[in-house]
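In my numbering, the protein residues as written are 578 to 943.
Okay, here's the thing in structure tokens:
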């Protein structure tokens, strides 16, 4: 199918044989995924009928390509089509057919032709140590700054691009940084996770494409429509937490009964993400539902803050009197012991932030 860069989203869909009725269905689903009210469907339709496809440059630095692997498995058809078909993904080292000089020429052409009008997506942390990374004879930071200069917005996908991730773990031999530590004069959206939920990545990019604006962000520049609540807030095991019922080891009776995984290292109380609501693999499941503690992979410095199987996350509230009365004595005792460590653990979670937080979002406690 021939696709012109000047085609609007609706024109692209029409060329693909999408009927007007199905077009409205896609717009309605997209509105819901963007966290907008149903009354905004008309606005989304108008944007899809008038907005041309936005060029996207996707850069890789210190990464495992897990974020790219994840986004190819997005199970929402409308959003994955917006990403791979309806925006113009002009540069992606893993997915593009071109290589070498041809690939670099394509990137250079987009940066010059669409200066100020393309979206830059970054995957992987940026090494700033001397001689640590050289691509075509150029340092990674130089490549980033060149592409960022003409971008209308930057989307940092994955914990590595957002906060440094695993490459920045102590002792950080490459002096790795997240993008917002280095670029301070551009709108930046952090979409952390290891990897992020596919629909969170496509939804964030679709928001910029369809609405022409950044989504509302929290103090770590994460989209509130996906990162406004902790994993703990909507956890399937939350009732057991409130009752003071915890699994003590993998495979014990409490674990088999579906008890809270806090004592097995779950970081849900201090981790902001949409895992319990959107889940993975088309809404099939997510780690805690499958029996594994949350690792806190959408938070800064999650690799260094605590052992994955140590109960280090902060307790949001002590068990209620009603819940405690119905809980087993050992569960209540465990809940009381956990509550005693709350203050120190909460400070640790709050201190785990990047070195630079934009002043416009200071004071946002979400």
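In this text, a Cβ means the ideal position worked out from N, Cα and C, and glycines have one as well.
In the DSSP assignment, the alpha helix (DSSP H) including residue 726 goes from what residue to what residue?
By one-based count along the chain shown, residue 726 stands at place 149. Taken as a continuous stretch (DSSP letters only), the alpha helix (DSSP H) holding residue 726 covers 717 to 726.
Compare the C-alpha of residue 619 against each of 630, 607 and 629 and name the closest.
Working through the chain shown from its first residue, we reach residue 619 at position 42. If we check each option's Cα against that of residue 619, 607 comes out closest.
Apply the 10 Å Cβ neighbour rule to residue 944 and answer buried if 16 or more other Cβ atoms are within range, or exposed otherwise.
Residue 944 lies beyond the stretch modelled for the chain, which goes from 578 to 943, so this question has no answer here.
Using the Cβ count rule (16 or more neighbours within 10 Å means buried), how would you classify residue 713?
Taking the first residue of the chain shown as position 1, residue 713 is located at position 136. Label assigned to residue 713: exposed.
Euclidean distance between Cα positions of residue 791 and residue 679
Reading the chain shown from its first residue, position 214 is the one you call residue 791. Reading the chain shown from its first residue, position 102 is the one you call residue 679. Spanning the two alpha carbons is a distance of roughly 32 Å.
Identify, in the order they occur along the chain, each residue of the same chain with its Cβ nearer than 6 Å to the Cβ of residue 854, setting aside the five sequence neighbours on each side.
The residue labelled residue 854 in the question sits at position 277 within the chain shown. The residues are 811.
Excluding the 5 residues flanking residue 865 on each side, which residues of the same chain have their C-beta closer than 8 Å to its C-beta?
The residue given as residue 865 occupies position 288 in the chain shown. So the qualifying residues of the chain are 808, 812, 813, 814, 838, 843, 845, 852, 853 and 871.
Three or more C-beta pairs closer than 8 Å, one from the segment 631 to 651 and one from the segment 688 to 702: is that the case here?
yes
Whole-angstrom distance between residue 763 and residue 793, CA atom to CA atom:
One-based indexing of the chain shown puts residue 793 at position 216. One-based indexing of the chain shown puts residue 763 at position 186. Near 16 Å, if we compare the C-alpha coordinates of residue 763 and residue 793.
Determine the burial state of residue 770: buried for a count of at least 16 other Cβ atoms within 10 Å of its Cβ, exposed for fewer.
By one-based count along the chain shown, residue 770 stands at place 193. Flag for residue 770 reads buried.
Assess contact between the segment 724 to 739 and the segment 767 to 785, defined as three or more Cβ pairs (one per stretch) separated by less than 8 Å. Is contact present?
yes
According to the neighbour-count rule (16 or more other Cβ atoms, all chains shown, within 10 Å of its Cβ), is residue 858 buried or exposed?
Your numbering for residue 858 matches position 281 in the chain shown. Its Cβ having fewer than 16 others within 10 Å, residue 858 is exposed.
In chain order, what residues of the same chain lie with their CB nearer than 6 Å to the CB of residue 617, ignoring the 5 residues before and after it?
On the chain shown, residue 617 is found 40 positions in, with the first residue counted as 1. These residues qualify, in order along the chain: 608.
For residue 818 and chain C, any beta-carbon pair shorter than 8 Å?
Looking for chain C here will not work: only one protein chain is present.
First and last residue of the uninterrupted alpha helix (DSSP H) at residue 757
Here residue 757 is taken as the residue at index 180 of the chain shown, counted from 1. From DSSP, the alpha helix (DSSP H) with residue 757 extends over 756 to 759.
Where residue 755 and residue 592 are concerned, what is the direct C-alpha to C-alpha distance, given to the nearest angstrom?
The residue labelled residue 755 in the question sits at position 178 within the chain shown. The residue labelled residue 592 in the question sits at position 15 within the chain shown. Cα to Cα, residue 755 sits roughly 39 Å from residue 592.
Could you tell me the alpha carbon to alpha carbon distance between residue 707 and residue 672, rounded to whole angstroms?
Counted from its first residue, the chain shown places residue 707 at position 130. Counted from its first residue, the chain shown places residue 672 at position 95. Roughly 29 Å separates the two Cα atoms.
Sequence-distant residues of its chain with Cβ nearer than 6 Å to residue 644 (five each side left out):
Here residue 644 corresponds to residue number 67 of the chain shown, with the count starting at 1. Excluding sequence neighbours, residue 644 sits near 700, 734, 735 and 772.
Take residue 741 and list the residues in its own chain whose beta-carbon comes closer than 6 Å to its own, dropping the five residues that flank it on each side.
In the chain shown, the residue the question calls residue 741 occupies position 164. Excluding residues within five positions, the ones whose Cβ falls inside 6 Å are 702, 753, 754 and 755.
Does the separation of the CB atoms of residue 751 and residue 709 fall below 8 Å?
Taking the first residue of the chain shown as position 1, residue 751 is located at position 174. Taking the first residue of the chain shown as position 1, residue 709 is located at position 132. Yes.
Evaluate residue 833 with the Cβ neighbour count: other Cβ atoms within 10 Å of its Cβ, from every protein chain shown; 16 or more gives buried, anything less gives exposed.
Position 256 of the chain shown, counted from the first residue, corresponds to residue 833. So residue 833 ends up on the exposed side.
What residue does the alpha helix (DSSP H) around residue 774 start on, and which one ends it?
If you number the chain shown from 1, residue 774 lands on position 197. Unbroken run through residue 774: none, as it is neither H nor E.
Alpha carbon to alpha carbon, what distance is there between residue 723 and residue 716?
Counting from one through the chain shown, the residue named residue 716 turns up at place 139. Counting from one through the chain shown, the residue named residue 723 turns up at place 146. Whole-angstrom Cα-Cα distance: 11 Å.
Based on the DSSP secondary-structure assignment, which residues constitute the bridge partners of residue 712?
Numbered from 1 along the chain shown, position 135 holds the residue referred to as residue 712. Answer is 715, bridged to residue 712.
Please state the DSSP three-state secondary structure of residue 664.
On the chain shown, position 87 is the one that residue 664 refers to. Of the three classes helix, strand and coil, the one that applies to residue 664 here is coil, per DSSP.
With DSSP run on the structure shown, which of helix, strand or coil describes residue 882?
Translated into the one-based positions of the chain shown, residue 882 becomes position 305. Of the three classes helix, strand and coil, the one that applies to residue 882 here is helix, per DSSP.
Going straight from the alpha carbon of residue 631 to that of residue 725, what length do you get?
As a working note, residue 631 is residue 54 in the chain shown. As a working note, residue 725 is residue 148 in the chain shown. Taking the straight line joining both Cα atoms gives about 15 Å.
Which one of 615, 681 and 824 has the shortest CA to CA distance from residue 605?
Indexing the chain shown from 1 puts residue 605 at position 28. Comparing Cα-Cα distances from residue 605 to each of 615, 681 and 824, the minimum goes to 615.
When the Cα of residue 869 is compared with those of 876, 886 and 757, which residue comes out closest?
Taking the chain shown and counting its residues from 1, the one referred to as residue 869 is at position 292. The shortest C-alpha separation from residue 869 is found at 886.
Integer Cβ distance of residue 827 from residue 840, believed to fall under 8 Å:
On the chain shown, residue 827 is found 250 positions in, with the first residue counted as 1. On the chain shown, residue 840 is found 263 positions in, with the first residue counted as 1. About 11 Å; that fails the 8 Å criterion.
Considering Cα atoms alone, identify which of 628, 805, 765 and 856 is closest to residue 730.
If you number the chain shown from 1, residue 730 lands on position 153. Nearest option by C-alpha distance: 765.
Considering only the beta carbon of each residue, do residue 739 and residue 696 sit closer than 8 Å?
The residue given as residue 739 occupies position 162 in the chain shown. The residue given as residue 696 occupies position 119 in the chain shown. No, Cβ-Cβ distance for residue 739 and residue 696 is not below 8 Å.
So the candidates are 788, 835 and 692; which of them puts its Cα closest to the Cα of residue 626?
Mapped onto the chain shown, residue 626 falls at position 49. If we check each option's Cα against that of residue 626, 788 comes out closest.
Nearest-angstrom Cα distance between residue 652 and residue 691?
Numbered from 1 along the chain shown, position 75 holds the residue referred to as residue 652. Numbered from 1 along the chain shown, position 114 holds the residue referred to as residue 691. Between residue 652 and residue 691, the C-alpha separation is close to 30 Å.
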